[in-house]
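Down below is the structure, laid out as structure tokens.
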Amino acid sequence: MSNFILKEREFDAVPNFLLEEVPSFGQSDEFNALDEKERKVPGLVCAAFAKRLVHLHQAFSPSNGGEAQRIELERYYAAIERMATSPDPAVRNLVVVEVLGNIPDLDVLQNEVEPHLKPKSLDLYNRWVH
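Its first residue numbered 883, the sequence shown is counted upward by one per residue in the numbering used here.
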């Protein structure tokens, strides 16, 4: 008889991971629009994360507090990159389906988001669009 050890998948830990990596996301309107149960669903949290990322890009102004906004955007992209390097294929799939897939404006995706993607997340993006 085999002994099995059950352990939490990385996929299930994504909501907490995003809140730890980008603490301000937990204060955002997009995250706060989710109810308590929805905040435990990785796909829903990633979709809210994508919406917040788009709003940050829309609000970004190098001449008006630009350095703080740039740092905040970098935190988002660093979290996306860490997800893209996960050994859990379900986490990598979240990057494509729930983060990138929830950016409905193609111009924002190509002109604002794509240039900030790091190597692994850019690779996932390129495989998704081509």
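Every residue, glycine too, gets a C-beta built ideally from N, C-alpha and C.
Just so we're clear, the structure is a prediction, and the values are computed from it rather than from any experiment.
Spatially closest choice to residue i from the options, by CA coordinates
i	options	result
Asp989	Leu926, Gln940 and Leu900	Gln940
His998	Ala972, Glu980, Leu938 and Phe907	Leu938
Met965	Gln951, Arg921, Glu918 and Val896	Val896
Asp894	Glu920, Phe907 and Asp911	Glu920
Glu912	Glu918, Phe931, Asp1005 and Val923	Phe931
Phe907	Ile887, Lys933 and Val923	Lys933
Arg952	Glu994, Asn885 and Glu918	Glu994
Alpha-carbon to alpha-carbon, residue j and residue i
i	j	result
Ala960	Leu900	10 Å
Gln909	Pro969	29 Å
Cys928	Asn914	13 Å
Pro986	His1012	17 Å
Val922	Thr967	Here residue 922 turns out to be Lys, not Val, going by the sequence shown. If I take the Cα positions, the gap works out to 22 Å.
Val983	Leu991	Per the sequence shown, the amino acid found at residue 983 is Gly instead of Val. Each residue's alpha carbon lies about 9 Å from the other.
Asp1005	Ile887	33 Å
Asn885	Glu918	34 Å
Distance CB(residue i)-CB(residue j) smaller than 8 Å
i	j	result
Ser1003	Glu954	no
Glu892	Val973	yes
Neighbourhood of residue i by C-beta, 7 Å cutoff - its chain only, sequence neighbours within 5 removed
i	result
Glu996	Tyr1007
Arg957	Glu903 and Val904
Lys1000	Tyr959 and Glu963
Presumed contact (8 Å Cβ cut-off) between residue i and residue j, rounded CB distance
i	j	result
Leu916	Leu926	6 Å
Same chain, Cβ closer than 6 Å to residue i, neighbours up to 5 away in sequence not counted
i	result
Trp1010	Val978
Beta-carbon contacts of residue i that lie in its chain and below 8 Å, excluding the five residues immediately before and after
i	result
Leu976	Phe893, Val896, Pro924, Gly925, Cys928 and Met965
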